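To get the numbering used here, take the position in the sequence shown, counting from 1, and add 2.
Glycine is no exception: its CB is placed at the ideal position from the N, C-alpha and C atoms.
On a predicted model such as this, the values are computed, not experimentally measured, just so you know.
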Amino acid sequence: MLSYNAKLRIGFIGAGVLALIIGLSSWVSSRNLAESKDWESHTFGILSKLERLSAAIRESEISLLSYLSTRQKIHVQNYENSKLVAIDAWNELKEQTRDNPEQQLTLDKINESFLKRDRLIHEIMLQQGDVVRIKALIVPIAEDIKRLAEELKQRENELLVVRSSDSKVKMLVAEWILAMSFLFNILVLIVLYRFLNNEYGLRVRTERDFFEKNTLLGLIMENMADGVVVLDRSGSRILLNDKSERLLATSADLLTLLDNLEAKQGKVILKEGTPEEQIILANGTALNDAEGKNLGKVFLLSDITLEEQISNEKEAYMREMLMIKTALDCVSSNIMIADNDLNVVYTNKSVINMFQTAKENIRSEYPSFSPEAILGSCIDGYHSHPEKQRGVLSTFNSTYKSSISIGGREFNLSADPVINEKGERLGSVVEWLDVTERNRKESQINQLNRELEENVKKLEYANRELEAFSYSVSHDLRAPIRGVDGFARIMLEDFSSKMDPEAVRLLNIIASNSKFMGQLIDDLLAFYRVSKVEPKSDRVDMKHMVLDAIEIINQEYQYEKVNTRISDLPIIRGDGSMLKQVWLNLISNAFKYSSKSENPIVEIGYLSGESDKTFFVKDNGVGFNNQYTHKLFKVFQRLHSNEEFHGTGIGLAIVDRIVKRHGGEVRAEGKIGEGATFYFTIPNKE
């Protein structure tokens, strides 16, 4: 089941993606709408220029007619001005319609007709040639220019209709996208409300379940047959259930006797030497915090007075039996004692040794074989009339001899009845003699090997299950630990002024320990994650990775005063993220354990080999005793206390696991007060 934070993160990511899609759609729609409007404006501009061109042509014709009527030079000047305006309008149209080859071709035709008309008009104005003939030529040219101009206008009007329609469609799309954006925002608010409401209901139900379980735990403690006592460091009681209260009422010295117990388990005698003497079995456990500081003791008290009395009587009986058995064990004969139902009640050591090597072969023929029922099994499987034979062996009153083959082994039996003083038959004493040689060792060894392989498979399966369980527990503990840390810090920030110093100190301890526990869980998850992920084979620049690791460590722990010396490191093949974790753990350890030196120095380099590359991290810190090197790379194994150097005891175990996943190995050398050097080898896969 996803956590609250995971659900919230997924919801926000999904909403963000949808919002991004809608935003991009809106932006694209706006761009398309603006582009349509631009083309619409462009068409209007061309139509305006066409009107200007047509007007200039008409004005030039008017100036020509006026000149022909009056022969005044002012009309020639007006004609030239109109011509310049027409040329300017034509040039602008030529520029603006360069995306339309058909319009460009029409403009070229207008230009040709216009130039031809202009030449004829100039001949008239210069009075060269037949004026009537020239005027007759000008009229069709002018009509042709007007026709071409109308064609231009018609095409642009058609484009205007198309572009206006496209603009309306894109405007409608933009409005729909805006409406969808509004509806999406409303939907997000509704979903967010429902999500928060469901999470609140889940939290209320969880708190109610927690309260009910606490109440149930209290009822269980009060109804336990055993007593429960919790003492603080001074020996004062913190918690007692009803059974413990009754024992305390019997003897006021109970708490003192419990506090003075040195072992985890011991016996406490109340009212010793009196008829009311009680013997209490106390199982004690120390209560320690995360830093190992003792907070008190908890005891489970069981009244074993009756059991002790029975045990004493049984012990006396067993001493007598032991003397008899010892005497029988000293006899070289293979002796077995059976009752009248042929159930074996005793065998001496000689019989046990005799059957020890034969019992597997016997069971192959008699699956129900056991030393306690050997006589009955032999009769049922060997004799043709087992009931008759059972009757003989259960009732004979003198020495009885027989031979039996069991599982390929031959035994000679000599039996004598056991009769008490009243003449009653109690059973029989049977002497066995193994008359076969022991062989078939090879089959037994093969059987043992198969059993060993099966046990190895079971052990591997158990280890995988244990690792999966540990990973699941560590993962599920993260949210509660963060909750404890968060609430503790909220209380410190908002209510510390209202609490006494002891409460503030305890809250600080809770916050500190929950933070440490969170880091420990993160490290455990990283440790198990390394076991599950198959390492990649990428090109890794080790020097660049070391520089990145140092920068990350300095940003988090402020170790700038450490003098770091880095040699040239090669490029190798491996999993970049895993190897970066190796460098982070080794370098941070070197910085941490050398930080208390006057002149801390950390050296990072490598030793080149033919088949592999060995890297090292060396410091001049506190060092360690080489006889404890085997503990360094195990989980939770530390050579320094948490008060000296903070840590979870998992970092070097992660290093060892990652390097071994790459096919390499890790080792360390150190000397107390002179520093330590950690080496790890990565096989050369280039």
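By DSSP's criteria, residue i is part of a beta bridge. Which residues make up the other side?
| i | result |
| --- | --- |
| proline 685 | Asp614 |
| arginine 427 | Ile421 |
| serine 405 | Asn414 |
| glutamine 280 | Leu272 |
| threonine 287 | Val300 |
| glutamate 309 | BP columns for glutamate 309 are empty, so no partner. |
| threonine 679 | Lys620, Glu671 |
| leucine 233 | Arg239, Lys299 |
| glycine 607 | Phe618 |
| leucine 435 | Asn414 |
| arginine 567 | Glu605 |
| glycine 341 | One point to set straight first is that residue 341 is aspartate, not glycine, in the sequence displayed. Partner(s): Gly429. |
Are the Cβ atoms of residue i and residue j separated by less than 8 Å?
| i | j | result |
| --- | --- | --- |
| isoleucine 603 | isoleucine 568 | no |
| valine 731 | serine 596 | The structure shown has nothing for residue 731, since the chain only spans 3 to 688. |
| arginine 575 | valine 542 | yes |
| glycine 625 | lysine 673 | yes |
| phenylalanine 617 | methionine 544 | yes |
| threonine 631 | alanine 670 | yes |
| isoleucine 123 | tryptophan 92 | no |
| phenylalanine 680 | leucine 588 | yes |
| asparagine 350 | leucine 324 | no |
| methionine 580 | isoleucine 660 | yes |
| leucine 233 | leucine 260 | yes |
Between residue i and residue j, what straight-line distance do the alpha-carbon atoms span, to the nearest angstrom?
| i | j | result |
| --- | --- | --- |
| glycine 675 | alanine 551 | 26 Å |
| leucine 174 | arginine 149 | 38 Å |
| glycine 18 | valine 206 | 29 Å |
| lysine 327 | glutamate 315 | 18 Å |
| asparagine 342 | glycine 425 | 14 Å |
| asparagine 345 | glutamate 309 | 29 Å |
| glutamine 130 | lysine 170 | Model confidence at glutamine 130 stands at a pLDDT of 48, short of 50, so the residue's coordinates are unreliable; what they give is reported in the following sentence. When rounded, the distance between both Cα atoms is 57 Å. |
| isoleucine 89 | isoleucine 59 | 10 Å |
| arginine 663 | leucine 454 | 27 Å |
| asparagine 591 | isoleucine 12 | 36 Å |
| arginine 507 | aspartate 291 | 14 Å |
| tyrosine 384 | glutamine 311 | Here tyrosine 384 scores only 47 on pLDDT, less than 50, and its place in the model should not be relied on; the value that follows carries that caveat. Tyrosine 384 and glutamine 311: Cα-Cα distance of roughly 47 Å. |
| threonine 76 | lysine 85 | Here residue 76 turns out to be isoleucine, not threonine, going by the sequence shown. Taking the straight line joining both Cα atoms gives about 14 Å. |
| methionine 2 | phenylalanine 186 | With the chain represented from 3 up to 688, any question about residue 2 goes unanswered, as that position is not in the structure. |
| asparagine 441 | serine 352 | Note that asparagine 441 scores a pLDDT of 41, beneath 50, so its modelled location is shaky; the value from the coordinates is reported in the next line. Between asparagine 441 and serine 352, the C-alpha separation is close to 19 Å. |
| serine 386 | arginine 321 | For serine 386, the predicted structure reports a pLDDT of 49, less than 50, and the residue's modelled location is therefore unreliable. The matter cannot be settled from this model. |
| proline 685 | valine 190 | 53 Å |
| isoleucine 457 | phenylalanine 682 | The amino acid occupying residue 457 in the given sequence is asparagine; isoleucine does not appear at that position. Roughly 33 Å separates the two Cα atoms. |
| glycine 623 | glutamate 600 | 10 Å |
| serine 236 | threonine 258 | 11 Å |
| serine 238 | valine 230 | 14 Å |
| lysine 155 | methionine 182 | 40 Å |
| threonine 2 | glutamine 557 | Nothing about residue 2 can be reported from this structure: the residues present for the chain run from 3 to 688 only. |
| asparagine 225 | leucine 219 | 10 Å |
| asparagine 83 | glutamate 114 | 19 Å |
| proline 572 | aspartate 621 | 21 Å |
| glycine 429 | valine 420 | 5 Å |
| valine 584 | valine 657 | 5 Å |
| glutamine 79 | valine 87 | 13 Å |
| lysine 269 | leucine 241 | 21 Å |
| lysine 633 | aspartate 496 | 44 Å |
| histidine 546 | glutamine 629 | 34 Å |
| leucine 586 | glutamate 553 | 10 Å |
| isoleucine 15 | isoleucine 23 | 12 Å |
| glutamate 293 | proline 503 | 21 Å |
| phenylalanine 197 | leucine 204 | 11 Å |
| serine 643 | serine 313 | Low local confidence applies: a pLDDT of 49 at serine 643 is under 50, so the model's placement there is unreliable, with the coordinate-based value given in what follows. One C-alpha to the other measures close to 45 Å. |
| serine 404 | arginine 427 | 20 Å |
| lysine 582 | threonine 566 | 17 Å |
My understanding is that residue i touches residue j, with C-beta atoms under 8 Å, so please give their C-beta distance in whole angstroms.
| i | j | result |
| --- | --- | --- |
| alanine 288 | lysine 295 | Going by Cβ atoms, the distance from alanine 288 to lysine 295 rounds to 10 Å, so no, they are not a contact pair. |
| aspartate 418 | threonine 397 | Not really, about 13 Å apart at Cβ, beyond 8 Å. |
| lysine 538 | aspartate 570 | At roughly 24 Å, the Cβ-Cβ gap does not stay under 8 Å, so lysine 538 and aspartate 570 are not in contact. |
| leucine 415 | valine 431 | Not really, about 11 Å apart at Cβ, beyond 8 Å. |
| isoleucine 337 | valine 347 | The pair is not a contact, with the Cβ atoms about 12 Å apart (cut-off 8 Å). |
| aspartate 614 | glycine 677 | Between glycine 677 and aspartate 614 the Cβ distance is about 25 Å, and since that is not below 8 Å, they are no contact. |
Does the beta carbon of residue i fall short of 7 Å from some heavy atom of the ligand FMN?
| i | result |
| --- | --- |
| valine 19 | The ligand content of the structure shown is nil, which means the ligand FMN is not present either. |
Do the stretch 277-297 and the stretch 207-221 make contact, defined as three or more Cβ pairs closer than 8 Å?
Touching, no.
Is it the case that the stretch 298-312 contacts the stretch 237-249, given that we only count it when at least three CB pairs across the two stretches are under 8 Å?
Proximity of the stretch 237-249 to the stretch 298-312 meets the contact definition, three or more beta-carbon pairs being nearer than 8 Å.
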